[in-house]
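See structure below.
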Amino acid sequence: MAILSDYEEPEQNQQAPVSPSSSLSFNVVLDPSNPLGLLESALNFLSQKSDVLKTDVSALVREFKRRIKAEEDSIKAEEKRRTEEKKREEEKKRLRVPNKDNGLDMDNYSWAQTLQEVTITVPVPPGTNSRDVVCEMKKKSAKVGLKGQPSILEGELFETIKVDDSLWNLEDQKTVSVHLTKCDRMNWWKSLFKGGSEIDIQKAEPEPSKLSDLDPETRSTVEKMMFDQRQKQLGLPTSKEIENEGLVKQFMAQHPNHGNKNPNTSFSNVRMT
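Numbered per this note's numbering, the sequence shown spans residues 522 to 794.
As structure tokens, then:
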């Protein structure tokens with residue numbers, strides 16, 4: 522007969538003691554600049570000490586890194602796109618609408634331009650003599666004023682000029698007109714002086730009546746510029762884009778079986794000059 526005081530009921534949920542040999546130690550220092558390194562080390566350690574993972578997980582970690590980097594690159598690209606778009610919008614707001622002569626009217630002078638030259642008009646006190654006028658024209662700078670007084674305008678020109686082909690004259694003893702001949706006769710000036718107020722050159726228009734006065738090469742360039750400006754404003758292909766499209770069609774017509782010979786080749790790999 523059993524004595525109750527000598528009987529101990531076994532604990533139903535009693536856990537088996539842990540064998541010292543099954544205890545694992547893992548020491549690693551977290552590098553804030555490379556947090557994934559800790560994950561890689563931990564997984565590699567687990568794969569070596571346990572049967573849970575049967576293979577090295579470095580490839581998996583590398584894939585995680587690749588995806589994270591791709592996501593970061595995508596975010597950076599989007600941020601760059603937004604920054605550039607914002608910059609364009611701010612620049613567009615900053616640009617001023619040109620006057621009827623493709624220049625600007627300033628407080629104490631005005632300037633105008635064609636593709637060939639820039640004209641500066643400076644009002645002076647009535648009765649001014651030409652000997653009282655100070656006008657200096659250099660390849661990259663210009664200055665206009667009256668003797669003994671601060672310059673009315675002075676600065677580094679937006680582009681270089683041909684000094685020998687440039688001149689000035691006093692009209693009706695009240696207006697100084699300065700005519701600067703451009704070195705580059707294919708582009709508009711955004712401003713008279715570097716760092717000065719700029720115009721929106723997309724809104725600059727050569728006088729149609731003047732096109733007939735241009736030499737054939739210059740006229741062709743001007744007409745192409747006008748066409749491209751209108752195309753951009755309408756969101757349509759420029760002359761260069763249309764030309765490239767025509768070259769692709771010509772290539773396809775001349776090589777109808779090109780794609781069948783090498784299906785891995787795309788027309789994007791064809792360099793056209």
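Where a beta carbon is used, it is the ideal one built from N, C-alpha and C, also for glycine.
Relative to TRP709, the option among GLY767, LEU636, ILE596 and HIS700 whose CA is nearest is LEU636. One alpha carbon belongs to ALA580, the other to LEU557, and they sit about 13 Å apart. Per the C-alpha coordinates, the member of LYS711, ASP685, PHE714 and SER718 positioned closest to THR702 is ASP685. The stretch 709 to 721 and the stretch 687 to 695 do not touch, with fewer than three beta-carbon pairs separated by less than 8 Å.
For PRO644, the enclosing beta strand (DSSP E) begins and ends at 638 to 644.
The alpha carbon of PRO646 has as its nearest neighbour, out of GLU657, SER662, THR640 and ASN629, the alpha carbon of ASN629.
Bridge partners of GLY666 according to DSSP: VAL655. DSSP places ASN765 in the helix class (H, G or I) of the three-state scheme.
With respect to ASN623, ALA725 sits close: the two C-beta atoms are nearer than 8 Å. For secondary structure counted as the alpha helix (DSSP H) over 4 or more consecutive residues, the stretch 711 to 760 holds these complete runs in sequence order: 729 to 732 and 737 to 755. For the pair THR696 and VAL643, the CB atoms are nearer than the 8 Å cut-off. Rounded to whole angstroms, the Cβ separation of GLU680 and ASP705 is 6 Å, and the two are in contact under 8 Å. Judged by DSSP in its simplified three-state form, LYS703 adopts strand. Residue nearest to GLY717 within the set GLN569, ARG615, LEU551 and SER554 is ARG615 (criterion: CA-CA distance).
Scanning its chain for C-beta atoms nearer than 6 Å, with the 5 sequence neighbours on each side dropped, one finds around GLN752 the residues THR759, in chain order. Here ILE589 carries a helix assignment [DSSP, helix/strand/coil]. Straight-line measurement puts the Cα of GLN754 at about 16 Å from the Cα of ILE763. Only exposed fits GLN694, as fewer than 16 other CB atoms lie within 10 angstroms of its CB. Spanning the alpha carbons of GLY666 and ALA633 requires a straight line of approximately 19 Å. Counting every other CB atom within 10 Å of its CB across the protein chains shown gives LEU757 a total below 16, marking it as exposed. Judged by DSSP secondary structure, GLN634 falls outside any alpha helix (DSSP H) and instead within the beta strand (DSSP E) spanning 631 to 634. LYS586 and ASP721 have their C-alpha atoms some 46 Å from each other.
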